[in-house]
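A.B. asks: So the sequence shown is numbered by the numbering used here: it starts at 941 and just counts up by one. Just dropping this structure here.
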Amino acid sequence: MIRSLAAIAVTASFGSNAHDFWIQPATFSPRIDEAVSITLLVGDPSSRQRSQIKSKRITRFDSIGPSGERTDRRGVLTLHEPQHDGELRWKAPGTHVLILETDNRAESYLPAEKFNAYLAEEGLTPALRHRQLTGRTVAEGSERYSRRAKMLVQVGGAADSNSFSMPTGLSLELVPEANPYATPPAARLPLRVIHEGQPLAGALVKMIDLRGNLTVVDRFTSDAAGRGSFAMPSDGEWIVSVTWTRVLPEAEEVDFETVFSTLSFGFSPGTMTPRR
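Have a look at this one:
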């Protein structure tokens, strides 16, 4: 396979294994009409940094309000500015969802050992099984990939709507079935994994502590209904991540197409009601 210089560059960057990508706001609990800066971050337990993604690769950047109204927010993005990647305001109280989607033009290539380890770490059983069945576990692995990210913010008043628990149409997404900002809080955070509009079984879902060097604190494998749950956090900042892939036809230049998806949320000091 002949690769371009761009592909080789992606190979080098992907070798850092920094494949968690999320939307990070200055606060997850803004006041009504407060200006909130956001940054797009990528990282792993050893490091985190600003994403270098170009604006032309972002295909969706929408805000979904408590009543389900959807607003295209791509116009607020100011990627690669010194301080942040954009600034948002929300005028209605309640739980708002921000969603981001990229195209799938990024590619990565890894040596066999590293690629196999990456597939195992992310629970990408379709790719592992395919490499085993085709005798390619000793061959270099390649994929093209895209990213999906959701963020929940609690603006002003009560978290009393259900729009946060509705699928948004992303090709791979984590849908919470309890509101992290509800008062009193639930004991568990149940989640559904939705892939191409259907529940996804067998996906590895991780709960990651953003204030603890991106430590994975818990994980589950989604059941036949695409469901699983974590203990509901009472403070801190968190992302939940899931990754899935599919085998591509032989004629393609890479072996797999992979989607990385995250859900981020968090609590400012004093915003959570103690559990009863």
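Ideal placement from N, C-alpha and C gives every residue a C-beta, glycine not left out. Quick caveat, the model's predicted, so the values are computed rather than measured.
1. Leaving out the 5 sequence neighbours to the left and right, which residues in its chain are closer than 8 Å to Glu1027 when beta-carbon positions are compared?
2. Leaving out five residues on either side along the sequence, give the residues of the same chain with a beta carbon under 6 Å from the beta carbon of Asn916.
3. Name the two residues that bound the continuous alpha helix (DSSP H) containing Glu1196.
4. With distances taken Cα to Cα, identify the nearest neighbour of Gly1096 among Val1157, Ser1208 and Ile963.
5. Do Leu1188 and Val1194 count as a contact pair if the criterion is CB distance below 8 Å?
6. With DSSP run on the structure shown, which of helix, strand or coil describes Gly983?
7. Curious, which full-length beta strand (DSSP E) runs of at least 3 residues does the region 1069-1099 contain?
8. Starting from Tyr1224, trace the beta strand (DSSP E) both ways and give me its first and last residue.
9. Distance check for His1024 and Arg1113, CA to CA, integer angstroms please.
10. Can you tell me whether DSSP reads Thr1183 as helix, strand or coil?
11. Around the Cβ of Ser1162, are there at least 16 other Cβ atoms within 10 angstroms (buried) or fewer (exposed)?
12. With a cut-off of 8 Å, do at least 3 Cβ pairs link the region 992-1010 to the region 1088-1107?
13. Could you tell me whether the region 1046-1058 touches the region 1071-1081, using the rule of 3 or more Cβ pairs below 8 Å?
14. Skipping 5 residues on each side, what residues in its chain have a beta carbon closer than 7 Å to that of Arg1151?
15. DSSP on Phe1001, reduced to helix/strand/coil?
16. If you drop the 5 nearest sequence neighbours on each side, which residues of the same chain put their C-beta closer than 6 Å to that of Ala1164?
17. For His1036 versus Phe1200, is the C-beta distance shorter than 8 Å?
18. Look at the alpha carbon of Ala952 and the alpha carbon of Glu1047, and state the distance between them as a whole number of angstroms.
19. Tell me the rounded alpha-carbon separation between Asp1043 and Ser1111.
20. Please classify Lys996: does DSSP put it in a helix, a strand, or coil?
21. Note down the Cα distance separating Ile948 from Ser1105, rounded to an integer number of angstroms.
22. Buried or exposed for Leu980, please, with buried defined as at least 16 other CB atoms from any protein chain shown within 10 angstroms of its CB.
23. Can you pull the DSSP bridge partners for Leu1114?
C.D. replies: Reading it off the structure:
1. Ala975, Val976, Ser977, Ile978, Val1016 and Thr1018
2. Only positions 941 to 1216 of the chain appear in the structure, and residue 916 is not among them; the question remains open.
3. Note that residue 1196 is Phe in the sequence shown here, rather than Glu. Note, Phe1196: premise wrong, no alpha helix (DSSP H); beta strand (DSSP E) at Phe1196 to Gly1206.
4. Ser1208
5. yes
6. strand
7. 1081-1095
8. Nothing about residue 1224 can be reported from this structure: the residues present for the chain run from 941 to 1216 only.
9. A quick correction: the sequence has Glu, not Arg, at residue 1113. Approximately 25 Å, taken between the alpha carbons.
10. strand
11. buried
12. yes
13. yes
14. Gly1176 and Glu1177
15. strand
16. Ala1141
17. no
18. Because Ala952 sits at a pLDDT of 37, beneath the cut-off of 50, its placement in the model cannot be relied upon, and the following sentence gives the value as read from the coordinates. Near 11 Å, if we compare the C-alpha coordinates of Glu1047 and Ala952.
19. 11 Å
20. helix
21. Caution applies to Ile948, whose pLDDT of 38 falls short of 50 and renders its modelled position unreliable; the value that the coordinates give is listed next. Between Ile948 and Ser1105, the C-alpha separation is close to 40 Å.
22. buried
23. Val1133
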